[in-house]
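**Student:** Here's a structure for you.
2 protein chains.
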Amino acid sequence: MARRKDHSREELKQLAIQAGRQIVIEQGPSALTARKVAQAIGYTPGTLYNVFENIDGLIAAINIESMHSFADSLRTLHQPGETSESRIRRIAQAYLDFHHAEPQLWSLLFAQPLNYNSDDYHAAIHAIFDQVCDAMIPLSSSPTLARQKAKILWSTLHGICLLQQSGKLNVSEPDPAEDLLTHFLDQFLQ
Amino acid sequence: MARRKDHSREELKQLAIQAGRQIVIEQGPSALTARKVAQAIGYTPGTLYNVFENIDGLIAAINIESMHSFADSLRTLHQPGETSESRIRRIAQAYLDFHHAEPQLWSLLFAQPLNYNSDDYHAAIHAIFDQVCDAMIPLSSSPTLARQKAKILWSTLHGICLLQQSGKLNVSEPDPAEDLLTHFLDQFLQ
DNA sequence: ATTAATATTGAACATTGTTCAATTATATTT
DNA sequence: AAATATAATTGAACAATGTTCAATATTAAT
Chain A
1 MARRKDHSRE
11 ELKQLAIQAG
21 RQIVIEQGPS
31 ALTARKVAQA
41 IGYTPGTLYN
51 VFENIDGLIA
61 AINIESMHSF
71 ADSLRTLHQP
81 GETSESRIRR
91 IAQAYLDFHH
101 AEPQLWSLLF
111 AQPLNYNSDD
121 YHAAIHAIFD
131 QVCDAMIPLS
141 SSPTLARQKA
151 KILWSTLHGI
161 CLLQQSGKLN
171 VSEPDPAEDL
181 LTHFLDQFLQ
Chain B
191 MARRKDHSRE
201 ELKQLAIQAG
211 RQIVIEQGPS
221 ALTARKVAQA
231 IGYTPGTLYN
241 VFENIDGLIA
251 AINIESMHSF
261 ADSLRTLHQP
271 GETSESRIRR
281 IAQAYLDFHH
291 AEPQLWSLLF
301 AQPLNYNSDD
311 YHAAIHAIFD
321 QVCDAMIPLS
331 SSPTLARQKA
341 KILWSTLHGI
351 CLLQQSGKLN
361 VSEPDPAEDL
371 LTHFLDQFLQ
């Protein structure tokens, strides 16, 4: 009932994040409710509001984990001897892979408009973006251009997955996301 | 109270669409509730459900209007003597202009995951997409490639506006959407 | 043992989308 | 003109949402 302290505040946060993550994976972003998460971890809704400011805070925490996980996979993927072009191509493919492997987590992260700006959120974005930016530097004549290229690539990846998710890549005729990405990169990396 | 028939079914639909549109423009997508729309047109929520299947049906109707309006603006913009490259650039700029002029309508249309597939919705998408596709044909060696180019351009525009809306074009340093678009098109239209 | 501090609850509130029997205004028929 | 049929509109009701917070129960400190 009170002060069970089965789990520390931080443990509780992690429990909620993992439970929420699983709910999103299995039932989609719209199934992520305070009551469901609370029940999944054996607590009540009120407790969640002791740990998170509100439900967006929980969403943000799940997203931050998704971003760090993706950032890690980008780091794993990086091979020192690789050409910049190959590195970019593999980063881009990793993005599509993430979307394909976890479409619901991707939706929570990118397809749902959420404006929750914390330092942690900002840091998680940078953990990804800085790697993309880095990879662009050898292909660009200035850091500014590299940053712009990184943002363009990111925008295109976003857009492709967004259109794919809503079935709009099938307008007229179906075009696989991979084909569009290849076509795009062939020009973009010329 | 009953069978007032102040308005025909079609008039009622138009009233609801316009009222809903205005609510979205002024207060954003999350303010679009059945009760608010009903009150704005002097009816009750129940009546709305006589006209639309559900709230997503109303959202879809507003989106369809947005799309046809945008498709019209693309047609207006088209000048026969123009080069294909210039035409594409102006189409792309028109997209950014729409986003800038009506960010809330844009959000309802593109940034909110909505899977409402009706023939009307499909037709409205084509009213836009076919023009983009058309414009790409002179720059492509096949209709398939033109269609892919159109989808890539569309994806990138989507992504740029999405990132801009969530402030993520300001990561590291701010980059105006127009600059990114120019940079992208300079390579994409080679 | 008593007290203080705090983690947890669970009921409550406002808002959502949505349904549908009841009601009432208009058409149609007699 | 009266009676009947049809259909538009209501508004109360339901379930589910996020969120709050006084009450309560458990642990820590005295």
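As you go down the protein sequences, you meet chains A and B in turn. This note's numbering numbers the first residue of the first sequence as 1 and each following residue consecutively. This note's numbering numbers the first residue of the second sequence as 191 and each following residue consecutively. Ideal Cβ placement from N, Cα and C applies to all residues, glycine included. Since we're looking at a predicted model, the values are computed, not measured.
Please confirm whether N389/B has its beta-carbon closer than 8 Å to some beta-carbon of chain A.
**Tutor:** Here chain B comprises residues numbered 191 to 380, so residue 389/B is not present and cannot be evaluated.
**Student:** What did DSSP end up calling D6/A once you bin it into helix, strand or coil?
**Tutor:** Three-state result, D6/A: coil.
**Student:** Tell me whether T44/A is buried or exposed, calling it buried when 16 or more other Cβ atoms sit within 10 Å of its Cβ.
**Tutor:** So T44/A ends up on the exposed side.
**Student:** Span of the alpha helix (DSSP H) holding G46/A?
**Tutor:** Per DSSP, G46/A belongs to the alpha helix (DSSP H) from P45 to V51.
**Student:** Please classify P143/A as buried or exposed, where buried requires at least 16 neighbouring CB atoms within 10 angstroms.
**Tutor:** It is exposed - the Cβ of P143/A has fewer than 16 other Cβ atoms within 10 Å.
**Student:** Okay, do the segment 264-277 of chain B and the segment 237-249 of chain B touch, 3+ Cβ pairs below 8 Å being the bar?
**Tutor:** Because the criterion of three Cβ pairs below 8 Å is not met, the segment 264-277 of chain B and the segment 237-249 of chain B do not touch.
**Student:** Is it the case that the CB of A224/B approaches a heavy atom of the ligand COA more closely than 7 Å?
**Tutor:** With respect to the ligand COA, the structure shown offers nothing to examine, as it has no ligands at all.
**Student:** Between D365/B and chain A, is any beta-carbon pair separated by less than 8 Å?
**Tutor:** Chain A, which has a Cβ nearer than 8 Å to the Cβ of D365/B, makes this yes.
**Student:** Return no unless some Cβ of chain B is closer than 8 Å to the Cβ of I137/A.
**Tutor:** Output row for I137/A: interface = no.
**Student:** Closest to T219/A by C-alpha separation, out of L58/A, G42/A, Q14/A and R9/A, would be which residue?
**Tutor:** Residue 219/A lies beyond the residue range present for chain A, which begins at 1 and ends at 190; the question has no answer from this structure.
**Student:** How many Å lie between Q39/A and L109/A at the Cα?
**Tutor:** Cα to Cα, the separation comes out at about 23 Å.
**Student:** Name, please, each residue of chain B whose Cβ falls closer than 7 Å to the Cβ of A111/A.
**Tutor:** Chain B residues near A111/A: P303.
**Student:** Identify the continuous alpha helix (DSSP H) that holds G189/B and give its terminal residues.
**Tutor:** The requested residue 189/B is not part of the displayed model; chain B covers only 191 to 380.
**Student:** Taking a cut of 8 Å between CB atoms, which residues from the segment 346-363 of chain B lie near chain A?
**Tutor:** Correct list: T346, L347, H348, G349, I350, L352, L353, Q355, S356, G357, K358, L359, V361, S362 and E363.
**Student:** Could you tell me which chain A residues have their CB closer than 7 Å to the CB of L264/B, listed as they occur along the chain?
**Tutor:** Neighbours of L264/B on chain A: none; closest Cβ ~16 Å, over 7 Å.
**Student:** Rounded C-beta distance between Y121/A and A71/A? I'm assuming under 8 Å.
**Tutor:** Incorrect: roughly 13 Å between the Cβ atoms, too far for contact.
**Student:** Output the boundary residues of the alpha helix (DSSP H) element that contains K226/B.
**Tutor:** A224 to A230 is the extent of the alpha helix (DSSP H) around K226/B.
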